[in-house]
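Enquirer: Got a structure for you, written out below as structure tokens; questions coming shortly.
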Amino acid sequence: MDQRNGKRTGARAGARAGRRAGAVALLLAAGMVLTACGAGGSSDGATADKRSGARPPQGTTGDGKGAPDAVAPDQGRPSEASGDQAEPERAAPDYLSTFALDVDTASYGYARSTLGNGTLPDPVNVRPEEFVNSFKQGYERPKGNGFSVTVDGARITTGKGSGPSDWSLLRVGLATKAAPPSSERPPASLTFVVDISGSMAGPGRLGLAKKSLNILTDELRDDDSVSLVTFSDEAETRLPMTRLQGNRNKIRDAVEAMEPAQSTNVEAGIMRGYEESVKGHRKGVNNRVVLLSDALANTGDTNADNILERIDSARREYGITLFGVGVGSDYGDAFMERLTNRGDGHTTYVGDEEQARKVFVDQLPAHIELRARDAKAQVAFDRGNVKQFRLIGYENRKVADEDFRDDSVDGGEVGPGHTVTALYAVRLREGASGEVARATVRWLDPKTRKASEESGSAQTGTIDGRLWDGESQRLQVAAVAAYFADTLRGGDLPGAPALRELASRAGKLADETEDSSVRKLATAIGQAEALRNGTEPEGGGDEGEGEIG
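In structure tokens:
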């Protein structure tokens, strides 16, 4: 494997060197012409992190903002350009956008909790894709175990009451088949790694973790198995892998015996958790480590990458995935997200017993089963029709374009009944007509590791309708969530409404859809507006929730 990767890396390096030499010659010949034409930059020029598929977005400053727009040079389709006059294709933006799928929703849940407590969320913890993926979108489901692909959109208005602009929102929607009834799912072998450090003593932390585990103990089947590991300054196995049948009271007793202790050594907890998961590994079942923590690591190795490196062989050899459940008003969101992204899993945030029941009962199969491993998406924009595009969010999930079909590069893990939405701000060329973009999703079968792909596309007519008060209420909900997140982190998306208008639109959509989660979104936006204006926020702080479907 190392030799093959070395050859591939060498070949790419040689190709890049050749391209650099050509680019230098072009710059010398073109002189200041390129300076006049060169607004923007390519979205995918950096080398991927081969282990995670992630890489630093170009043009970022570490403040949570995304890469600059990908900008098309003022030229026709490549086939129409003269070889003597046009830039070579490699010197222009590549018109490809590639990223690992992400079903996390913790960023939105934690933001709502923070706003409910009277504080604006830290922009660095705001990830727009997790806001968007917290809401139902109603995509058509596939008949098999792969993905359906929906590509649509609408035209953005430049302001309230204004006409359409040359910017549109493009929505790429991916969905897996709904989860089977609980009685039909494969058995689960779950290792719970529970934080009992001093910071977990506060309200809504260890007590909520206990309630969550008791709810789950009632929900799991007799043929499921659980083990329990706790950690503070050190890790301890409280319960080895144990079948539920005949042992539910024993499991509850182990849960109730947990009490807050000292510091937070996440490294020790995860390493012991994976050891127990390997010991209790069962073939043909869903083997998963479930981490319940406020993720405020302060002892041991506090680097997420280093921690995952130590259990990498167990993760790969045994196919053990990591599900992170965040709790607490002070929560290490970025740390937990990094752990689960690198641990072939995902995160959610639980703020109260109602949300715990939703996660561990209603959405249980989606959190412990897998429909797809190492899933990636690639969107190819038509050069003749698209002038600019910007992916909203997914900055830490970017994948190098050339690695889309490299199945050794890590992607995202997706369970049954999940949907993944990616929104793009797209600026069309004048007179654009025909295909705007084609989206392709690639994934590995969790059991056979066989790769599959599915694609869908959108035409200019598909994204020409009005966004606001348009035909698709769910697209509008996604847009409100994306604009809200972008505003919280100080972004500048085209056509962004003010928070007051966003709250009003969310309230109207809540009435139209009769969806309580959209009503809570409207409340959160109103709280953010009040905090920004220095007035008292209205309403209480109900906690975040992710939507499956």
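Residue numbering for the sequence shown follows this note's numbering, beginning at 54 and increasing consecutively.
All residues carry an ideal CB built from backbone N, CA and C; glycine is no exception.
Taking DSSP's pairing of strands, which residues face residue 402 in a bridge?
Expert: Here residue 402 corresponds to residue number 349 of the sequence shown, with the count starting at 1. Answer by DSSP bridge pairing, in chain order: 379.
Enquirer: Kindly confirm or deny that the region 273–284 and the region 227–243 touch, where touching means at least three C-beta pairs closer than 8 Å.
Expert: yes
Enquirer: Buried or exposed, going by whether 16 or more other CB atoms sit within 10 Å of the CB of residue 224?
Expert: Reading the sequence shown from its first residue, position 171 is the one you call residue 224. Result: buried.
Enquirer: Could you tell me which of 535, 531, 295 and 418 sits nearest to residue 335, measuring between CA atoms?
Expert: Numbered from its first residue, the sequence shown carries residue 335 at position 282. Checked all of 535, 531, 295 and 418; the closest Cα to residue 335 is 295.
Enquirer: Can you check which of these residues, 540, 565 and 460, is closest to residue 554 by C-alpha distance?
Expert: Against the sequence shown, residue 554 aligns to sequence position 501. Per the Cα distances, 540.
Enquirer: Excluding the 5 residues preceding and the 5 following residue 385 in the sequence, name in chain order all residues of the same chain whose CB lies nearer than 7 Å to its CB.
Expert: Position 332 of the sequence shown holds residue 385. Contacts found: 347, 348, 349 and 350.
Enquirer: Roughly how many angstroms separate the alpha carbons of residue 352 and residue 435, rounded to a whole number?
Expert: The count along the sequence shown starts at 1 and reaches residue 352 at position 299. The count along the sequence shown starts at 1 and reaches residue 435 at position 382. The alpha-carbon atoms of residue 352 and residue 435 are separated by roughly 50 Å.
Enquirer: What separation, rounded to the nearest whole angstrom, lies between the Cα atoms of residue 513 and residue 266?
Expert: One-based indexing of the sequence shown puts residue 513 at position 460. One-based indexing of the sequence shown puts residue 266 at position 213. Going by the C-alpha atoms only, they are around 49 Å apart.
Enquirer: Here's the rule I'm using: 16 or more other beta-carbon atoms within 10 Å means buried, otherwise exposed. How should residue 411 be labelled?
Expert: Translated into the one-based positions of the sequence shown, residue 411 becomes position 358. Buried, by the Cβ-count rule.
Enquirer: Contact check, residue 440 vs residue 476 under 8 Å by CB: the rounded distance?
Expert: Looking up residue 440 in the sequence shown gives position 387. Looking up residue 476 in the sequence shown gives position 423. Wrong, their Cβ atoms sit about 18 Å apart, outside the cutoff.
Enquirer: So the alpha helix (DSSP H) residue 389 belongs to, where does it begin and stop?
Expert: What you label residue 389 is simply residue 336 of the sequence shown in a count that begins at 1. Segment 386–395, the alpha helix (DSSP H) holding residue 389.
Enquirer: Give me the residue from 430, 585 and 309 with the minimum Cα distance to residue 458.
Expert: Taking the sequence shown and counting its residues from 1, one reaches residue 458 at position 405. When only C-alpha atoms are compared, the closest one is 430.
Enquirer: Quick one: what's residue 366 bridged to in DSSP?
Expert: Sequence index remark: in the sequence shown, residue 366 carries index 313 (1-based). Answer by DSSP bridge pairing: none, since residue 366 is not bridged.
Enquirer: Tell me whether the beta-carbon of residue 39 lies closer than 8 Å to the beta-carbon of residue 188.
Expert: Nothing can be reported for residue 39: it is not among the residues displayed for the chain, which extend from 54 to 602.
Enquirer: Between which two residues does the beta strand (DSSP E) holding residue 152 run?
Expert: Position 99 of the sequence shown holds residue 152. First-last of the beta strand (DSSP E) with residue 152: 149–153.
Enquirer: At a cut of 8 Å, does the region 359–370 reach the region 229–237 through at least three beta carbon pairs?
Expert: no
Enquirer: Measuring straight from C-alpha to C-alpha, what distance separates residue 577 and residue 226?
Expert: Taking the first residue of the sequence shown as 1, we reach residue 577 at position 524. Taking the first residue of the sequence shown as 1, we reach residue 226 at position 173. So the alpha carbons of these two residues sit roughly 25 Å apart.
Enquirer: How many angstroms separate the CA atom of residue 209 from the CA atom of residue 260?
Expert: Locating residue 209 in the sequence shown gives position 156, counting from the first residue. Locating residue 260 in the sequence shown gives position 207, counting from the first residue. Rounded to whole angstroms, residue 209 to residue 260 spans 45 Å at the Cα level.
Enquirer: Give a yes or no on contact between the region 282–296 and the region 246–254, applying the rule of three or more CB pairs nearer than 8 Å.
Expert: Yes: the two stretches touch, three or more of their Cβ pairs being nearer than 8 Å.
Enquirer: Does the distance from the C-beta atom of residue 179 to that of residue 471 stay below 8 Å?
Expert: Start at 1 with the first residue of the sequence shown, and residue 179 comes out as number 126. Start at 1 with the first residue of the sequence shown, and residue 471 comes out as number 418. Cβ distance not < 8 Å, so residue 179 and residue 471 don't count as in contact.
Enquirer: Measuring alpha carbon to alpha carbon, tell me which of 337, 342, 560 and 318 ends up nearest residue 329.
Expert: On the sequence shown, position 276 is the one that residue 329 refers to. With distances taken between Cα atoms, residue 329 lies closest to 342.
Enquirer: Per DSSP, residue 496 forms a beta bridge with which residues?
Expert: On the sequence shown, position 443 is the one that residue 496 refers to. Answer is 505, bridged to residue 496.
Enquirer: Is residue 420 close to chain D? Criterion is C-beta to C-beta, closer than 8 Å.
Expert: Protein chains in the displayed structure number just one, and chain D is not present.
Enquirer: Check the DSSP bridge columns for residue 465 and list the partner residues they point to.
Expert: To locate residue 465, count along the sequence shown from 1; it is residue 412. According to DSSP, which records beta bridges pairwise, residue 465 is partnered with 428.
Enquirer: Is it buried or exposed, residue 167, if we count other Cβ atoms within 10 angstroms and call 16 or more buried?
Expert: Here the question's residue 167 lines up with position 114 in the sequence shown. By the neighbour-count rule (16 or more Cβ atoms within 10 Å), residue 167 is buried.
Enquirer: Going by beta carbon distance, what residues of the same chain come within less than 8 Å of residue 194, once the five residues before and after it are set aside?
Expert: Locating residue 194 in the sequence shown gives position 141, counting from the first residue. Closer than 8 Å at the Cβ level, and outside the excluded window around residue 194, lie 201, 228, 229, 230 and 231.
Enquirer: CA-CA distance, residue 642 and residue 151?
Expert: Absent from the structure is residue 642, since the part of the chain shown begins at 54 and ends at 602.
Enquirer: Spell out the partners DSSP gives residue 244 in its beta bridges.
Expert: Reading the sequence shown from its first residue, position 191 is the one you call residue 244. DSSP output for residue 244 lists 280 and 342 as bridge partner(s).
Enquirer: Can you tell me which of 244, 306, 312 and 305 puts its alpha carbon nearest to the alpha carbon of residue 293?
Expert: Locating residue 293 in the sequence shown gives position 240, where the first residue counts as 1. Out of 244, 306, 312 and 305, 244 has the C-alpha closest to the C-alpha of residue 293.
Enquirer: DSSP puts residue 221 in a beta bridge; with which residues?
Expert: As a first step, residue 221 must be located in the sequence shown, where it is residue number 168. Looking at the DSSP assignment, residue 221 forms a beta bridge with 208 and 479.
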